[in-house]
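Below is one structure, written out as structure tokens; the observations come after it.
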Amino acid sequence: MTTTAAMPASVKKPQNVQKEDAMLLQKELINRNYMELATARADNRKVSATFVPGNLNELLMCFDFARSLPETNALQNGLRKKSGKMIMDAERDGQSEDVCTYVKADLGMMMGGEIGPTGDPLPRPDVLLLSYTGCFTFMKWFELIRHKYGCETVMLHVPYQGEGKIAPNMRDYVVKQLKETVIPTLERISGVKFDIDRLRQYMRESEKAEEDLVRVLQSAKNRPSPIDGYFGAVYYIGPIFTAFRGTPEATQFYRVLREEIDQRVREGRGPMTPEGEMTEENYRLVVEGPPNWTSFREFWKMFYDEGAVVVSSTYAKVGGLYDFGFRHDADRPLESLAEYCLGCYTNLNLPSRIDMICRYIDEYQADGLLINSIKSCNSFSAGQLLILREVERRTGKPAAFIETDLVDPRYFSAANVKNRLESYFQMVKQKRAATLAH
Amino acid sequence: MADIPPVLKIVERCQALFDDLDFNAVKQWKAAVPGRKAIGYMPVYVPRELIHAAGMLSVGILGGGDQLEVIQGDAYYQSYICRIPRSTVELGLTGRLDCLDGMLFPSICDVIRNLSGMWQILFKDKYVRYIDVPQNYVDAIGGAFYISELEVLRADLGKLRGTPITDDELNASIRVFNENRAAIRELYAYRAEKPWQAPTSEVYLVLRAGMVLPPEEHTLLVREYLAAADAMPRPKRDNARIVLTGAFCEQPPLGLIKSIEMAGCYIVDDDFMLVTRWLLDEVPADANPLDELSKAFLHRSATTAAKYETTKEEKGVFLLKQVKTRGAEGVIFAAPSFCDPALLERPMLQDVLTKHKVPHTAFKYAENTGQMAPIREQAGTFADSIKLWSAA
Ligand code: SF4
Ligand code: SF4
């Protein structure tokens, strides 16, 4: 579902050093992780794989694992237009055309040899940490890898917030699993003894980065918004949602990024796009649902060509929901890890998701909601049509619905999406005119 | 009427219950004693003992089947999502589920999980709860969590009826469901032994009746069916004996089950309505009831795609056991279209079967699949190949 993408290559050379620093740093971080994975065997390092929502990066670092995130690998392959073949290979190998394409892209990649999206080797994981947060498919995904490649799996079952809150028994259950199942397994596989102070240290770093990330994402409350909270946010969330949360490098990246964005706010500038700065802000949108990766640039262009900026998105919260106050807390390390997992966006029930979107529309002064419904993803998609109606009813703002897929190029119809978007922008305009007339 | 053999009368009654999309059986049960309440639940498993202990009727909701015209429900779901949530929403929006005072949404997949929140929004005056079950099978970890969840449900249902549920009431209900499970075990054993005497198209309807009848009545019905089925000799055919798997949530149309049988297959085991057979043996009814329900869940329950298997070696063991103990010659994977759990599980199970040289075939269906010819043809070819295989 989630992301580590490198900054768009065609972004115009930034004029100021800070901007350049953030971009270079981000790219360097992402590539460095792929290099770490590529050399893990030679460096005698064990490799872990885990999912983005509820990922326990700080904990995995305590055991010196090199860290792979299969959703990220799938999306990177999608961005590089390699996923189509992988999906078809997995289907030829017996996977149904109906199921999540992230799973199939990953299985297809593994079938094609241990080569990752960057062309470097991507070693078979020594442990699959099944952080079962917000998606049932995760469970089948790792069972499938285990079945085919024999990797050991350790389950971290994160209960769903069915009542819209984290009950104490849910937190206790996750903490117990961490203490009695997950940590002992990771110790055994890595041969490294668990040191809670090391965990605390990483969590302190996480907190600093989270603070800065929130500041960056909330900068979109300004007019014009200095960032795009969906397409642009994909780059911002990359390090913190993946193998870098808890590292000093991530802290540094978010500090630099925050300074850069603060500067943009001071200068009253719009967001960067692959074709340079967006100078005219015509529409402010909230988006629900993951992006499409195989035509990411084309998709984004349909927005910035019209002067549409996404001021906030639910997708930018899949790997951690920080904007309502959660921070990793080194004083209660395991409880805090549990709360982090429990609080990820797709672990929220539908009423909470609706509340959150309505709040974004209000706080970010958005013109309306756009839902990008992903064929692959029941976790996000089942119920989105009700979300759409409820948000429209509660906010009085127009909402629209488009359908694409994450990494299956067969399900991105540029003409359809463009048509839908154009009529949506028309609708927003009419609504605005009608409001002004009253 | 006098000419109709008793077994067919029973089947007729079950068919009428199955066809009744207005849940009149539930309404009648409620009307018989003022103040009675009914609680609906979806697949795959909820601890019905708690509902029973509260003096309420548990009602299995399995979608709308092929007789319900889905109009409003389609406006809630994209085309690439399975059918059961949309037809269930249709049942709700058309008032057919008004007789339910609450609805439970078990932990089975993201679709039903999200439906729990939709229900909270659409039916604000009803009790709605998502029933989380542990994917960790250690008593002190997953068990403790499950018991705490059961306690919430117990307290909620107690509030709904006005008095807390006692341990004695719970133990009494455990006994009632032990009886029901025992009867269903007998039914399944009988069908495996003499599938020509108890065809699955009938067994299925008998099982479905248990979704709307009180368990005591259903236990009697199952036993009556068994006696009546045995009393009426029917011709034995040279059919292939198969296990049907993958149909644990959205149900295939009855016509599909009949088609498989007509194509030359005896279904000798299946995963329809697993709730009736989820707990595999007797739950002790003289101890701490929630502890015992939890232990039964953790250590002695059925396997399905919605349940995590802690090691690779466990994959397929349950299915292989079904094949072996029922004397099956092959497996039919029948999964609802767009059902991630069933369809992602399938390749792993197929691999295990292949390794154990168990023939298998696979197709998808929807609850409203109308065209049976391709399925009949596929099942027929499969049955023929099994027979050739066993003759060779
Ligand atoms: S179903 Fe959705 S959340 Fe789950 S793995 Fe697929 S894309 Fe990610
Ligand atoms: S049919 Fe499958 S995907 Fe649909 S609700 Fe049931 S388990 Fe979920």
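Sequence order for the protein chains is A and B. Numbering follows the working numbering, in which position 401 of the first sequence is assigned residue number 1492; successive positions increment by one, without gaps. Numbering follows the working numbering, in which position 73 of the second sequence is assigned residue number 84; successive positions increment by one, without gaps. The beta-carbon is built from N, C-alpha and C at its ideal position, and this holds for glycine as well. As the structure is a computational prediction, the values presented were derived from the model and not from experiment.
Item                                                                                                                                                                                                     : Value
With DSSP as the reference, identify every bridge partner of residue 1474(A), one or two as the case may be.                                                                                             : In DSSP, residue 1474(A) forms no bridge with anything.
Kindly indicate if chain A contains any beta-carbon less than 8 Å away from that of residue 32(B).                                                                                                       : no
Starting from residue 276(B), follow its DSSP beta bridges and name the residues at the other end.                                                                                                       : 251(B)
Quick check on this structure: which residue in 77(B), 237(B), 41(B) and 32(B) has the alpha carbon closest to the alpha carbon of residue 20(B)?                                                        : 237(B)
By the 7 Å beta-carbon criterion, what residues does the stretch 1240 to 1272 of chain A contribute toward chain B?                                                                                      : 1241, 1246, 1248, 1250, 1251, 1253, 1260, 1264, 1267, 1268, 1271 and 1272
Within 8 Å, do at least three Cβ pairs link the stretch 146 to 155 of chain B to the stretch 296 to 312 of chain B?                                                                                      : yes
Please state whether the Cβ-Cβ distance between residue 1116(A) and residue 1322(A) is less than 8 Å.                                                                                                    : no
Output, in chain order, the set of chain B residues within a Cβ distance shorter than 7 Å of residue 1481(A).                                                                                            : 132
Tell me the DSSP bridge mates of residue 1246(A)?                                                                                                                                                        : 1221(A)
In this structure, does DSSP put residue 140(B) in helix, strand or coil?                                                                                                                                : strand
Would you say the beta carbon of residue 1191(A) comes nearer than 7 Å to a heavy atom of ligand 2?                                                                                                      : no
Taking the alpha-carbon positions, what's the residue 28(B) to residue 1305(A) distance?                                                                                                                 : 56 Å
Along the chain, where does the beta strand (DSSP E) containing residue 1492(A) start, and where does it finish?                                                                                         : 1490 to 1495
Provide the residue span of the alpha helix (DSSP H) that contains residue 352(B), from first to last.                                                                                                   : 351 to 366
Using a Cβ-Cβ cut-off of 6 Å (strictly less than) and excluding sequence neighbours within five positions of residue 1132(A), which residues of its own chain qualify?                                   : 1214
Quick one: does residue 1227(A) have its CB under 8 Å from some CB of chain B?                                                                                                                           : yes
Considering only residues of the stretch 1254 to 1285 of chain A, which uninterrupted alpha helix (DSSP H) runs meet the minimum length of 4 residues and lie entirely inside it, listed in chain order? : 1259 to 1268 and 1274 to 1281
Do we get a CB-CB distance below 8 Å when we pair residue 111(B) with the residues of chain A?                                                                                                           : no
Return the chain-ordered list of same chain residues with a C-beta closer than 6 Å to the C-beta of residue 18(B), the five sequence neighbours on each side being excluded.                             : 239, 240 and 243
If we count the other Cβ atoms within 10 Å of its Cβ and call it buried at 16 or more, is residue 329(B) buried or exposed?                                                                              : buried
Strictly under 8 Å for the Cβ-Cβ distance: is residue 1442(A) near chain B by that measure?                                                                                                              : yes
Where does residue 205(B) sit, in a helix, a strand or coil, going by DSSP?                                                                                                                              : coil
Would you say residue 283(B) faces chain A, with C-beta separation under 8 Å as the test?                                                                                                                : no
Which residue spans inside the stretch 1157 to 1181 of chain A form an unbroken alpha helix (DSSP H) run of at least 4?                                                                                  : 1161 to 1170
Could you tell me which chain B residues have their CB closer than 7 Å to the CB of residue 1466(A), listed as they occur along the chain?                                                               : 91
What number of angstroms, rounded off, separates the C-alpha of residue 118(B) from the C-alpha of residue 1408(A)?                                                                                      : 23 Å
With a threshold of 6 Å on Cβ separation, who are the neighbours of residue 158(B) within its own chain once the five nearest residues in sequence on each side are excluded?                            : 301 and 305
Apart from the five residues on each side of it in sequence, which residues of its chain come closer than 7 Å, Cβ to Cβ, to residue 1509(A)?                                                             : 1393
Using a beta-carbon distance cut-off of less than 8 Å, what residues from the stretch 1171 to 1202 of chain A approach chain B?                                                                          : 1184, 1185, 1186, 1187, 1189, 1190, 1191 and 1194
Against residue 1223(A), what residues of chain B qualify as contacts under a CB-to-CB distance less than 9 Å, listed in chain order?                                                                    : 146 and 319
List the residues of chain B that residue 1522(A) touches, going by C-beta distances under 9 Å, in chain order.                                                                                          : Residues of chain B passing the Cβ test: none, with the nearest at roughly 22 Å.
Interface residues of chain B around residue 1235(A) at Cβ under 8 Å?                                                                                                                                    : 355, 358 and 359
Figure out for me which residue from 1397(A), 1503(A) and 1475(A) has the closest Cα to the Cα of residue 1515(A).                                                                                       : 1397(A)
State the Cα-Cα distance for the pair residue 1152(A) and residue 1300(A), rounded to the nearest angstrom.                                                                                              : 16 Å
Using DSSP's beta-bridge definition, name the partner residues of residue 375(B).                                                                                                                        : 346(B)
Since residue 1494(A) meets chain B, which of its residues come closer than 7 Å, beta carbon to beta carbon?                                                                                             : 89
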